[in-house]
Ligand SMILES: Cc1cc2nc3c(=O)[nH]c(=O)nc-3n(C[C@H](O)[C@H](O)[C@H](O)COP(=O)(O)OP(=O)(O)OC[C@H]3O[C@@H](n4cnc5c(N)ncnc54)[C@H](O)[C@@H]3O)c2cc1C
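Numbering (UniProt numbering), first residue to last: 1 to 315.
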């Protein structure tokens, strides 16, 4: 288990909930401010980037696997003295000047909190999807689009994210198929018009993706999707190298009662302050325009700086 140096007992200066890039960046900054800091993580200190085979857009690392990058974050945090504990946070509340964090292994206290619990893309839930994640299945065109240069990709979904990323992919891939189960898209008209006017984007509407399939021998990779026409009920195969899925994204924020947007992302100001004094949010769990590593670590650094200022103001 990836837990290092947990002391327990006293009230911490800062508890960070979530041990991904945002949480660890916040931890590194906080310890350097001299704050007694604990990171709580429900599964493994690493965050979702560990699922990625290869990252090519993180400055300083032209090409690195997600696992290797997280190992570097983890070692760095450990070396500067960030404490961690593997436990799931169930709720948080304010009692006077204290923040109480209830976990599946008991209550902990801190002067201030940073929520860095990330968000997870919703899955289509079809056979082959999980098996081919990072082997052709992706939820992020900014991250993985360049791997599909001159190839064929399928984009699943009908909202703004699906159409925006279909447009992005159309600049790299040879063919982009935009597949949606309804007869019209939900995306803004301006985006739809742009996609319609793009010669290498083809719309396939009223259609379900039933399965993602590919080679399992040697190098595992996506080769096709099985589609069902919802009018005729007939199924057919479509050859593709990639499947980009945009059926929603779910932030891990249910346990905290602060102001959120309609989709549950935490609203902050530029200092990462939430609507509750002394509680900050950083990374993918907050209302942010991009879900990326560089954005998450930036947020973490700002949140730790603001948390330090808050603690100073209590003295
Ligand atoms: C397959 C894949 C490929 C990607 N590729 C790239 C890329 O190439 N470039 C790029 O910039 N970005 C990429 N991303 C996006 C990047 O991983 C995220 O933007 C980044 O991880 C966000 O960091 P975070 O710390 O905000 O959240 P996360 O990494 O999601 O970390 C949040 C952590 O909080 C923990 N947690 C959640 N709820 C609780 C709770 N109640 N109690 C305790 N712990 C909790 C989770 O277990 C998790 O470890 C990719 C993502 C995926 C899935």
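Think of the CB as a built atom: it goes at the ideal place given N, C-alpha and C, for glycine as much as any other residue.
Here the structure is a predicted model, which is why all the values come from computation and not from measurement.
task = On the DSSP bridge assignment, give the partners of residue 103 in chain order.
result = 89, 106
query = For the 8 Å Cβ check, are there 3 or more pairs between the segment 280-295 and the segment 38-46?
reply = no
heavy atom of ligand 1 below 7 Å from residue 117 C-beta = yes
key: heavy atom of ligand 1 below 7 Å from residue 73 C-beta   = no
inquiry  = Our contact map puts residue 56 next to residue 62 with C-beta atoms below 8 Å; I'd like the distance itself, whole angstroms only.
reply    = 7 Å
message = Considering only heavy atoms of ligand 1, does any lie closer than 7 Å to the CB of residue 293?
response = yes
inquiry  = Let me check understanding here. Comparing Cα to Cα, which of 303, 216, 48 lies closest to residue 119?
reply    = 48
ask   = Does the beta-carbon of residue 8 have 16 or more other beta-carbons within 10 angstroms, so that it is buried, or is it exposed?
value = With a pLDDT of only 48 at residue 8, under the threshold of 50, the placement of this residue in the model should not be trusted; the figure read from the coordinates follows. Label assigned to residue 8: exposed.
message = Could you compute how far the alpha carbon of residue 65 sits from the alpha carbon of residue 134?
response = 11 Å
request  = Report buried or exposed for residue 74, applying the criterion of at least 16 other Cβ atoms within 10 angstroms of its Cβ.
outcome  = buried
request  = Assuming residue 196 and residue 160 form a contact by the criterion Cβ under 8 Å, report the distance between their Cβ atoms to the nearest whole angstrom.
outcome  = Wrong, their Cβ atoms sit about 15 Å apart, outside the cutoff.
ask   = What are the residues that DSSP puts in a beta bridge with residue 95?
value = 98
inquiry  = Between 165, 207, 157, 172, which has its C-alpha nearest residue 186's C-alpha?
reply    = 157
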